[in-house]
Amino acid sequence: MSSAKAKPTATRRGSRSDERDDRKDPLASRQLSSLDDLDTYMEKLYEEELESKLDGITQILNLSEYAANIEMLVQNEALMCLLSRVLNDEYKKSYDFTLHLMRIFWCYSNFLQLHPILTNYRIGAITLKIVDFEVKRHQLRLEEEKILEGKTQNDPEVLAKLKAEKKKNKKKAKKQDQLLYDVTRRT
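Using UniProt numbering, read the sequence shown as starting at 1 and increasing by one per residue.
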């Protein structure tokens, strides 16, 4: 990382070929992200609505995906405090939100000289807490499925509920796998 100030860079997540994926992914942002608007993105993380928080974190992720922006972002103490606090406080609320936050920190972790900064903000400890939580969440889902299987006794209503529960759990497991992959891919 150089000590020269980085010029604000506008970035966009996705491309025209990704348009079909954008319809599936409500978090995919088609707007330009600019370092000039960083304060606005940070303010969105304080709002109550999850959709607004997701928009703010998506814009910050867009900026973080470009190496030219990283030095300026990491040097912003208010941003780093906010991101680490939000990750620690809200990781249980939304897979997508947590996934975006973890991807931001993954972008930063690609630079060895930033590891002490990430350690200072306890990102490693928070990551381990997230992994532990997700393992417990998965075990609970499996236990609930077993209980439901034990109650079936060829009852069509319970069988339908079990089928719906398994389908829902499969979707949750896919998101959980994606989150855990992102959390552990730097180790």
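A virtual CB, placed ideally from N, CA and C, is assigned to each residue, including glycine. All figures in this text were calculated on a predicted structure; none of them were measured in a lab.
Can you give me the start and stop residues for the alpha helix (DSSP H) that residue 148 sits inside? 123-151
Beta-carbon separation of residue 104 and residue 60 under 8 angstroms? yes
Between residue 117 and the rest of its own chain, which residues show a CB-CB distance below 8 angstroms, the 5 nearest in sequence each way excluded? 74, 80, 108
Measuring alpha carbon to alpha carbon, tell me which of 95, 174, 111 ends up nearest residue 66. 111
Taking the Cβ atom as the reference point for each residue, do residue 175 and residue 95 lie within a distance shorter than 8 angstroms? yes
Can you list, in chain order, the stretches of the beta strand (DSSP E) that have 3 or more residues and sit fully within the segment 27-94? 32-34
Any idea what DSSP makes of residue 110, helix, strand or coil? coil
Check residue 177 in the structure and name its three-state DSSP category. helix
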